[in-house]
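Before any comments, here is the structure.
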Amino acid sequence: MKHLLKMSDLSTEEILDILNLADQLKYELKHGIPHNHLKGKTLGMIFQKASTRTRVSFETGMYQLGGYPLFLSSADLQIGRGEPVQDTARVLSRYLDGIMIRTFEQKEVEDLAKFGQIPIINGLTDFAHPCQVLADLMTIREVKNVFDGLKMCFIGDGNNMANSLIVGGLKVGMEVAVACPNGFHPDKQVLDFANSFDCFTLTDSPAVAAKDADVLITDVWSSMGMEDEIEMRKKAFKGYQINDEIMAVAKNDAMVMHCLPAHREEEITTKVFEAHAKEIFEEAENRLHAQKAVMVKLMADN
Ligand code: CP
Ligand code: NVA
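The letter at position 40 of the sequence shown is residue 61 when you use our numbering, and the numbering goes up by one with no holes.
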């Protein structure tokens, strides 16, 4: 594994290796055991979109690993004034040991990896959010102990989270059911991959997708960059919500996750959100541990 660009680049074994290391790093952090695997290394963090969790967890994680994180706002970089990614990649490769980038187009992340000489980590694009999904898988395994035999259900927009959850969930052996309104389906390449599994369902019915689910996940109806579509989407996604009715058709002990930020009373009710806050905020914490594992896998010397 040279980069983390999208879930489909990872084998099942690589995903499980990252999750095992993430569990170990979480244990070490909680018990005050030093883990300076990236002493003297630097990570550049390029943000072309807003972030709370990704920025703070990468920055803190790099510090905890003994390395140094640099926050690089695209507003201040020449990339924000049109300097090509190809040139940015080749320059930054000479200063840094790794780059985390949050941007719009997946191609930009793939180009950084193609033209640079250092590991690239996708911190969210319009297509994928692999760091979040690694943290989600870590959280599911913490709560449920296993992946085999679990049904994961995603309700909402066929966006970066849906694309990454579908691939990640199927790769670790879960049944995956997704409910999206027509016209808002996940990416075609993702669906082509998913349709080769008998245990994948795409439906327009949230109740069908949620039936007997062990894990229920949703995300905002309008992602970053879709600000002009908010009102149209509020209408299109009405009913695509995790609420008491959906919880009633899922398993009694179903867990609920949300990558955050959440829009209460849109994709999830306040009541369900607060009833499952423990899982949702553990999921947010696990961003730190999962990303530290990714950085160690990609950037440590040994
Ligand atoms: N879930 C997530 O990626 O959060 P941020 O946008 O705050 O980084
Ligand atoms: N789908 C959301 C996820 C935010 C973490 C977005 O792209 O804005």
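From the three backbone atoms N, C-alpha and C, an ideal C-beta is built for every residue, glycine too.
**Q.** Glu-34 to Gly-194 span [Cα, whole Å]
**A.** Each residue's Cα considered, the two are about 12 Å apart.
Q) Would you call the CB atoms of Val-106 and Asp-132 closer than 7 Å? A) Yes. Within cutoff.
Q: Might you give, ordered along the chain, the residues of its own chain that have their beta carbon closer than 7 Å to the beta carbon of Asn-264, omitting 5 neighbours on each side?
A: If you ignore the 5 residues before and after Asn-264, its C-beta comes within less than 7 Å of the C-beta of Thr-290, Val-293, all in its own chain and listed in chain order.
(Q) Need the endpoints of the beta strand (DSSP E) that Glu-196 sits in, please. (A) 196-200 is the span of the beta strand (DSSP E), which, as asked, contains Glu-196.
Q) Roughly how many whole angstroms lie between the Cα atoms of Cys-201 and Ala-183? A) Looking at the backbone, the Cα of Cys-201 and that of Ala-183 are separated by about 10 Å.
(Q) So if I measure from each beta-carbon to every heavy atom of the ligand CP and keep distances below 6 Å, which residues remain? (A) Matched residues: Ser-72, Thr-73, Arg-74, Thr-75, Leu-145, Gln-153, Cys-280, Leu-281.
Q) With Met-276 and His-297 assumed to form a contact (beta carbons below 8 Å), what rounded beta-carbon distance in angstroms separates them? A) A Cβ-Cβ separation of about 7 Å places Met-276 in contact with His-297 under the 8 Å criterion.
Q | Proximity to Val-154 [Cα-Cα], best of Gly-179, Thr-75, Ser-185, Ile-67 | A | Restricting attention to Gly-179, Thr-75, Ser-185, Ile-67, the CA atom closest to the CA of Val-154 is found in Ser-185.
Q | Cβ-heavy atom distance, Met-66 to the ligand NVA, below 6 Å | A | No, the ligand NVA has no heavy atom inside 6 Å of this Cβ.
Q.
DSSP has Arg-162 in a bridge; who is on the other side?
A. Paired residue(s): none; Arg-162 is not in a bridge.
Q: Consider the C-beta atom of Asp-2 and the heavy atoms of the ligand NVA; say whether any pair is separated by less than 6 Å.
A: Here the chain covers residues 22 to 323 and nothing more, so residue 2 does not appear.
Q | the ligand NVA heavy atom lying under 6 Å from the CB of Asn-143 | A | Taking the Cβ of Asn-143 as the reference point, every heavy atom of the ligand NVA lies at 6 Å or farther away.
Q. Straight-line CA distance for Leu-40 to Gly-204?
A. Between the C-alpha atoms of Leu-40 and Gly-204 there is a straight-line separation of about 34 Å.
**Q.** Simplified DSSP assignment, three categories, for Leu-93
**A.** Leu-93: strand per DSSP, three-state reduction.
Q: Please report the residue range of the beta strand (DSSP E) in which Met-276 lies.
A: Per DSSP, Met-276 belongs to the beta strand (DSSP E) from 276-279.
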